[in-house]
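For reference, the structure discussed in these notes is given below.
Protein chains in written order, with my numbering: chain W, 106 to 215; chain Y, 15 to 127.
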């Protein structure tokens, strides 16, 4: 069975600072990996995904994530945080269904 | 193109009552999933339809939960009778295939009092 772990249920950064949200997965076979974002009172929106090929994946709103098989990680980054990035972020791994991490709430301070 | 639509957005019911949640997937998406997030916990898989057939219902908590997908279009998730621990946000998602990205609805927030 696969599992996904997100380190840090809450992350706070200043506007303009680097955003780093951590995700590690456990799977016997490298799964497809996803990052979803949930803004207040909205559904889950796909930020980016890794399937095969290039390990650095670029997504919407300036986010990117790098798949590192040796570290079983898929951390999400953004060079410069914006106030509008405040939301909850979910890492997920795909088999026939999605297995989610616990979520990380990102707070951006002015 | 319309996204995944869920009704209602919120529901507050008393313990022992029945509630039915509805999900309209993106047109043409054969795969439909239900997930649930209980307060403070992970989003957990409930079940997976391929067209009108249940492909995997291993995540359904117990027999108080019944999911259907009429004609392979919209899906309903009925909870009968509801218990306090059923409170949470129920998400529906659809995709063209199991290895394609899943698109999520806004969720239904269910509160059982």
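In this text, a Cβ means the ideal position worked out from N, Cα and C, and glycines have one as well.
For clarity, every value in this text was computed on a predicted model and none was experimentally measured.
Practice problem: Could you check what DSSP says for residue 57 (chain Y) in three-state terms: helix, strand or coil? | Solution: Correct three-state label for residue 57 (chain Y): strand.
Quiz item: Under 8 Å Cβ-Cβ, which residues of chain Y neighbour residue 201 (chain W)?
Solution: Near residue 201 (chain W) (Cβ distances below 8 Å), the residues of chain Y are 62, 69, 70 and 112.
Quiz item: In chain order, what residues of the same chain have a beta carbon less than 7 Å from the beta carbon of residue 114 (chain Y), not counting five sequence neighbours either side?
Solution: Hits under 7 Å: none found.
Quiz item: Within this structure, are the beta carbons of residue 140 (chain W) and residue 203 (chain W) separated by less than 8 Å?
Solution: Not closer than 8 Å, so no.
Exercise. Name, in chain order, the residues that DSSP records as bridge partners for residue 20 (chain Y).
Key: Its beta-bridge partners are Y:37.
Quiz item: In terms of DSSP beta bridges, what is residue 115 (chain W) paired with?
Solution: In the DSSP output, where bridge partners are listed per residue, residue 115 (chain W) has W:210.
Self-check item: chain Y residues whose Cβ lies nearer than 8 Å to that of residue 137 (chain W)
Solution: Result: 113.
Quiz prompt | Short-range partners of chain W found in the region 34-63 of chain Y, where Cβ spacing is below 8 Å | solution = The region 34-63 of chain Y vs chain W, Cβ under 8 Å: 47, 49, 55, 56, 57, 58, 59 and 62.
Exercise. Quick one: which residues of the region 154-165 of chain W get their C-beta closer than 7 Å to a C-beta of chain Y? List them in chain order.
Key: Contacts with chain Y (Cβ-Cβ distance below 7 Å) from the region 154-165 of chain W involve 154, listed in chain order.
Practice problem: Could you please give me the residues that DSSP links to residue 155 (chain W) through a beta bridge? | Solution: Looking at the DSSP assignment, residue 155 (chain W) forms a beta bridge with W:138.
Exercise. Classify residue 192 (chain W) as buried or exposed, calling it buried when 16 or more other Cβ atoms lie within 10 Å of its own Cβ.
Key: That one is buried.
Practice problem: Quick one: residues in its chain with C-beta nearer than 7 Å to the C-beta of residue 136 (chain W), no 5 flanking neighbours on either side, listed in chain order? | Solution: Excluding residues up to 5 positions away in sequence, 107, 130, 198, 199 and 200 lie with their Cβ nearer than 7 Å to the Cβ of residue 136 (chain W) in the same chain.
Quiz item: Per the contact definition of three or more C-beta pairs closer than 8 Å, is the region 18-28 of chain Y in contact with the region 207-215 of chain W?
Solution: Touching, no.
Quiz item: Are any of the Cβ atoms in chain Y nearer than 8 Å to that of residue 147 (chain W)?
Solution: For residue 147 (chain W), the nearest beta carbon of chain Y is closer than 8 Å to its own beta carbon.
Exercise. Would you check if the region 31-39 of chain Y and the region 75-95 of chain Y touch, i.e. whether three or more CB-CB distances between them fall below 8 Å?
Key: The region 75-95 of chain Y, when compared against the region 31-39 of chain Y, does touch it at the 8 Å Cβ threshold.
Quiz prompt | Proximal residues, the region 116-127 of chain Y versus chain W, C-beta separation under 8 Å | solution = With the criterion set as a beta carbon lying under 8 Å from some beta carbon of chain W, the members of the region 116-127 of chain Y are 116, 117, 118, 119, 120 and 121, in sequence order.
Practice problem: Anything in chain Y within Cβ reach of residue 206 (chain W), meaning under 8 Å, just list it in chain order. | Solution: Simply 56.
Practice problem: Could you spell out where the beta strand (DSSP E) holding residue 69 (chain Y) opens and where it closes? | Solution: Under the DSSP assignment, residue 69 (chain Y) falls in the beta strand (DSSP E) whose first and last residues are 67-70.
Exercise. With residue 52 (chain Y) as the anchor, note down where its beta strand (DSSP E) starts and where it stops.
Key: For residue 52 (chain Y), no beta strand (DSSP E) encloses it, and the DSSP letter there is neither H nor E.
Quiz item: Between the region 110-133 of chain W and chain Y, which residues of the former have CB atoms less than 7 Å from a CB of the latter, in chain order?
Solution: Along the region 110-133 of chain W, none of the residues has a CB nearer than 7 Å to a CB of chain Y.
Quiz item: In this structure, does DSSP put residue 46 (chain Y) in helix, strand or coil?
Solution: Residue 46 (chain Y): strand per DSSP, three-state reduction.
Practice problem: Quick one: give me the first and last residue of the beta strand (DSSP E) that residue 178 (chain W) is part of. | Solution: Its beta strand (DSSP E) spans residues 178-183.
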